[in-house]
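Notes for the one structure printed next.
Residue numbers (UniProt numbering): 1 to 333.
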């Protein structure tokens, strides 16, 4: 992995750095029902890249967060859920994402672009809670119970979802021209969720998608998502063989240096917290520059990319991101 920066940037004289944000007011709204989201998304990428000049871009999948559950009426009913069918090749949910990525790639110039794709477990848990009346944790709790009570049925459901997501991977990379995938996954947030459940069900499904990602791209990013305080056992993910790994340094309490020890042959990505309480959002120029130096002080600089724990707030001052990028680029590799 010592050449990953070279693959990413086509240069080795500076440490790579990038940050990303959503452009739609609500990234979960269905883009097929609200086509203006695509226009907002593309224009947002254009203005963001022109204003920030990051080294690479996470291509946001706003409007396409939820995979269609074909042949399912009530996903909370295990027997109904078990009827799920994989998405058809010509489904607009796939073909419109190809068009979206093609346009995103046009506006980001020569930079590498990594399209945001969610894991089958993440997609399924989102389908198991009512966003208008329940907290997201309810989806985690319900899916954990299904793992325990109906392991074979859940394996079937997740494997079908994986087939749909693999079609998404191939569509956006091969058809859309994305350079790779930003694969977002996480363990279920429940006291009943164990490593045995993770290894016996989730891991195999995730690895099937990762194998597909590797079949179409030499460079992609594993995102072990810590959004909204989600915690993960990072060591559970060491067999997830993508060349770059991003996790929530702030939430997990695992530094970039410690992450390089956990993911021994990988490039690590991140370092900054992404909430309104963190220095990237509310710090001064001096404080942000000092934070950069702190992040880089004890890491293998050949195996590090600076970014954030996850998506940064929409209203983050762009100058703060510029300060961070400039400070990283001024550091000696």
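Backbone N, C-alpha and C fix where the C-beta goes; we use that ideal spot for every residue, glycine too.
The structure presented is a predicted model; accordingly, all values stated were derived computationally and were not measured.
What is the rounded straight-line gap between the Cα of residue i and the Cα of residue j?
i           : j           : result
residue 38  : residue 61  : 9 Å
residue 89  : residue 167 : 7 Å
residue 320 : residue 45  : 18 Å
residue 36  : residue 28  : 14 Å
residue 199 : residue 144 : 13 Å
residue 294 : residue 248 : 17 Å
residue 243 : residue 31  : 31 Å
residue 163 : residue 87  : 8 Å
residue 111 : residue 55  : 6 Å
residue 94  : residue 120 : 16 Å
residue 20  : residue 41  : 12 Å
residue 342 : residue 289 : One cannot answer for residue 342 here, as it falls past the ends of the chain, which runs 1 to 333.
residue 152 : residue 256 : 37 Å
residue 6   : residue 17  : Note that residue 6 scores a pLDDT of 45, beneath 50, so its modelled location is shaky; the value from the coordinates is reported in the next line. If you take the alpha carbons of residue 6 and residue 17, they lie about 13 Å apart.
residue 222 : residue 173 : 16 Å
residue 68  : residue 165 : 10 Å
residue 58  : residue 283 : 24 Å
residue 208 : residue 233 : 20 Å
residue 137 : residue 227 : 12 Å
residue 78  : residue 286 : 54 Å
residue 322 : residue 96  : 32 Å
residue 156 : residue 123 : 14 Å
residue 291 : residue 279 : 8 Å
residue 82  : residue 150 : 10 Å
What does a CB cutoff of less than 6 Å around residue i pick up in its chain, not counting 5 residues either side in sequence?
i           : result
residue 2   : For residue 2, the predicted structure reports a pLDDT of 43, less than 50, and the residue's modelled location is therefore unreliable. The matter cannot be settled from this model.
residue 225 : 184 and 186
residue 306 : 17, 271 and 328
So, is residue i buried or exposed, given that buried needs 16 or more other C-beta atoms within 10 angstroms?
i           : result
residue 135 : exposed
residue 316 : buried
residue 92  : exposed
residue 76  : exposed
residue 314 : exposed
residue 335 : Summary: the structure shown does not reach residue 335, with the chain confined to residues 1 through 333, and so no result is reported for it.
residue 71  : exposed
residue 276 : exposed
residue 85  : exposed
residue 261 : exposed
residue 104 : buried
residue 73  : exposed
residue 238 : exposed
residue 217 : buried
residue 231 : exposed
residue 274 : buried
residue 176 : buried
residue 220 : buried
residue 63  : buried
residue 318 : exposed
residue 265 : exposed
Which two residues bound the contiguous beta strand (DSSP E) that contains residue i?
i           : result
residue 164 : Premise fails: residue 164 lies in the alpha helix (DSSP H), 151-170, not in any beta strand (DSSP E).
residue 229 : Run containing residue 229: none; DSSP gives neither H nor E here.
residue 322 : Run containing residue 322: none in the beta strand (DSSP E); it sits in the alpha helix (DSSP H), 318-329.
residue 308 : 304-308
residue 269 : 267-272
residue 222 : 221-224
residue 182 : 180-185
residue 115 : 112-118
Using a Cβ-Cβ cutoff of less than 8 Å, which residues in the same chain neighbour residue i once the five nearest sequence positions on both sides are dropped?
i           : result
residue 140 : 125, 188, 189, 190 and 193
residue 15  : 5, 296, 301, 304, 305, 306, 328, 329, 331 and 333
Hey, could you find the ends of the alpha helix (DSSP H) residue i is sitting in?
i           : result
residue 236 : Element bounds for residue 236: n/a, residue is neither H nor E.
residue 259 : 256-262
residue 249 : 249-252
residue 213 : 203-216
residue 288 : 285-296
residue 129 : Here residue 129 belongs to no alpha helix (DSSP H), and DSSP marks it neither H nor E.
residue 34  : Looking at the DSSP string, residue 34 is not in any alpha helix (DSSP H), and its letter there is neither H nor E.
residue 188 : Element bounds for residue 188: n/a, residue is neither H nor E.
residue 135 : Neither: residue 135 is in no alpha helix (DSSP H) and is coded neither H nor E.
Leaving out the 5 sequence neighbours to the left and right, which residues in its chain are closer than 7 Å to residue i when beta-carbon positions are compared?
i           : result
residue 154 : 146, 147 and 201
So does residue i have its beta carbon nearer than 7 Å to some heavy atom of the ligand ZN?
i           : result
residue 192 : Absent from the structure shown: the ligand ZN. Ligands present: none.
Whole beta strand (DSSP E) elements within the region 50-95, 3-residue minimum: 56-59
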